[in-house]
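Reviewing the structure listed below.
In my numbering, the protein residues as written are 107 to 252.
Shown next, in the form of structure tokens:
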């Protein structure tokens, strides 16, 4: 489209043509205008919580394999943590609810350990899980879920 036809179309309709022309940005090559879709990339906090869920699953698996810390039935929790982690990265609502339930239960368990046994690690882990749960219930996070 030439400049003359663009200006004539803008004068007649008040709106420019809907065709997107390549634009040259300073940081890279010319690109066609791309509007990001809903939830293409997870929020950084959601990615961190997903990584945390994977670490929890790994700790449980190692504890079961060595046979010292956890019974074999705890592998169910590890599978749920891994499913929650993968689903959070894909922004699924079921994974959000699974992760929220997991961090709330872990927060309450660790804070109970702190009050019962006076172990400082229980307080630290409980507060970390509480922060994760508060992040997950933010409206910005819930809006991105599908």
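A virtual CB, placed ideally from N, CA and C, is assigned to each residue, including glycine.
Legend entry - Nearest to residue 167 (by Cα), restricted to the options 157, 178, 158: 178
Inset, instruction - Round the Cβ separation of residue 251 and residue 199 to the nearest angstrom and send it over; I've been treating them as touching at under 8 Å. - result: 5 Å
Inset, instruction - Tell me, please, whether the stretch 217-224 touches the stretch 240-249 by the rule of three or more beta-carbon pairs shorter than 8 Å. - result: Contact between the stretch 217-224 and the stretch 240-249 is absent, because fewer than three Cβ pairs lie under 8 Å.
Inset, instruction - Counting only the same chain and skipping the five closest in sequence on each side, list residues whose C-beta sits under 6 Å from that of residue 215. - result: none
Inset, instruction - Kindly indicate which three-state DSSP category residue 245 falls into: helix, strand or coil? - result: helix
Legend entry - Cβ-Cβ separation, residue 194 to residue 156 (assumed contact under 8 Å), whole Å: Contact between residue 156 and residue 194 holds, with the beta-carbon distance rounding to 4 Å and staying under 8 Å.
Inset, instruction - Report yes if the CB atom of residue 209 is closer than 7 Å to the CB atom of residue 238, and no otherwise. - result: yes
Legend entry - residue 232, buried or exposed, once every other Cβ within 10 Å from all chains shown has been counted against 16: Residue 232 should be labelled buried.
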